[in-house]
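Residue numbers 1 to 213, in the UniProt record's numbering, belong to the letters of the first sequence in order. First the structure, in the form of structure tokens, and then the observations on it.
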Amino acid sequence: MVPAQPIPSLLQQLRQAHPDARYELNWTTPFELLVATLLAAQCTDERVNRVTATLFQKYRGPQDFAQADTGALEEDLRPTGFYKQKAKAVQTMSRELLERFGGEVPQTLEQLVTLPGVARKTANVVLNTAFQLPSGVIVDTHVVRVSQRMGLTKKKKPEDIEQELMRLVPQDQWTFFGPAMVLHGRYTCMARKPQCGACPMAAFCPKIGVEEG
DNA sequence: CTCCCGATAT
DNA sequence: ATATCAGGAG
Numbered sequence: 001m002v003p004a005q006p007i008p009s010l011l012q013q014l015r016q017a018h019p020d021a022r023y024e025l026n027w028t029t030p031f032e033l034l035v036a037t038l039l040a041a042q043c044t045d046e047r048v049n050r051v052t053a054t055l056f057q058k059y060r061g062p063q064d065f066a067q068a069d070t071g072a073l074e075e076d077l078r079p080t081g082f083y084k085q086k087a088k089a090v091q092t093m094s095r096e097l098l099e100r101f102g103g104e105v106p107q108t109l110e111q112l113v114t115l116p117g118v119a120r121k122t123a124n125v126v127l128n129t130a131f132q133l134p135s136g137v138i139v140d141t142h143v144v145r146v147s148q149r150m151g152l153t154k155k156k157k158p159e160d161i162e163q164e165l166m167r168l169v170p171q172d173q174w175t176f177f178g179p180a181m182v183l184h185g186r187y188t189c190m191a192r193k194p195q196c197g198a199c200p201m202a203a204f205c206p207k208i209g210v211e212e213g
């Protein structure tokens with residue numbers, strides 16, 4: 001599909017609005033970012049950061065998560081929601097990381113996606129952010145919503161939307177574009193009450209299906 | 001498509 | 001009190 005406005009100027013405006021767009025999860029190693037991104041499923045980055053601040057002092061690497069008591073880990077992860085699934089995912093992911101990848105976070109999307117709890121969004125966050133690799137475009141709930149509102153896509157499925165965005169946006173922009181769209185969705189183009197009056201991207205938005213804002 | 005779940009906005 | 005937020009697996 002053809003976007004309402006040319007992509008180059010859209011990217012330029014987006015860069016002006018979010019000059020140093022980056023993912024807002026706190027991490028010090030690729031492994032920590034991987035865990036934090038797993039925990040971020042259905043949960044705000046802010047809450048994940050509160051949990052990981054203490055979590056990463058207690059669990060210093062995949063070894064610690066692999067050997068942890070599952071019940072204790074569940075309690076540590078409780079505030080992020082879906083804590084039983086997440087504890088299981090983090091623990092089995094850590095074990096597979098040790099067994100199959102020598103405890104190192106793999107640097108390809110194909111390998112990352114084989115880990116439990118890791119799908120394209122999580123893999124792209126890790127690759128884009130920790131390794132600066134343009135493996136794909138991060139498509140989370142914000143990017144889905146913003147892309148649709150801006151008329152960049154009419155697709156519904158995140159994977160289809162990612163394909164469309166990868167086609168529209170030059171690859172060397174992907175690691176900027178994803179995080180910038182996330183920030184725009186989080187702070188301006190919100191799901192409930194989009195700030196259309198103060199939106200820097202308004203010129204690129206057909207405002208179709210956007211309720212009063 | 002349903003389930004997983006706590007936290008915050010309304 | 002209840003709706004909404006926000007990914008992945010089965």
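From the three backbone atoms N, C-alpha and C, an ideal C-beta is built for every residue, glycine too.
- In the assembly as shown, residue 164 is a buried residue. Its beta-carbon has 16 or more other beta-carbons within 10 Å.
- When DSSP states are grouped into helix, strand and coil, residue 105 belongs to the coil group.
- Take residue 105, set aside five residues on each side of it, and the residues of its chain with a beta-carbon closer than 6 Å to its own are 30, 31, 34, in chain order.
- Ranked by how close their Cα comes to the Cα of residue 55, the residues 41, 72, 203, 43 have 72 in first place.
- In terms of Cβ geometry, residue 171 and residue 206 do not form a close pair [threshold 8 Å].
- Within the same chain, and ignoring the five residues on either side of residue 87 in sequence, the residues whose Cβ sits closer than 7 Å to its Cβ are 70, 73, 74, 77.
- Secondary structure of residue 27 (DSSP, three-state): coil.
- Contact check for residue 169 against residue 7 passes: the beta carbons are separated by less than 8 Å.
- Counting C-beta atoms within 10 angstroms of its own C-beta, residue 23 has 16 or more neighbours from the protein chains shown and is therefore classed as buried.
- Judged by their CB atoms, residue 112 and residue 130 are not nearer to each other than the 8 Å cut-off.
- For residue 130, the enclosing alpha helix (DSSP H) stretches over residues 120 to 130.
- Residue ranges of uninterrupted alpha helix (DSSP H) with 4 or more members, entirely inside the segment 20 to 85 and ordered along the chain, are 30 to 39, 45 to 58, 62 to 67, 70 to 77.
- Going by DSSP, residue 15 is part of the alpha helix (DSSP H) stretching over 7 to 17.
- Ranked by how close their Cα comes to the Cα of residue 14, the residues 114, 146, 160, 46 have 146 in first place.
- Taking C-alpha positions only, residue 109 is separated from residue 53 by approximately 27 Å.
- Under the three-state reduction of DSSP output, residue 89 falls in the helix class.
- Of the other Cβ atoms in all chains shown, fewer than 16 fall within 10 Å of the Cβ of residue 16; this residue is therefore exposed.
- Under the DSSP assignment, residue 149 falls in the alpha helix (DSSP H) whose first and last residues are 141 to 149.
- Secondary structure at residue 137: coil, using DSSP grouped into helix, strand and coil.
- By the neighbour-count criterion, in which a residue is buried when 16 or more other Cβ atoms sit within 10 angstroms of its Cβ, residue 195 is exposed.
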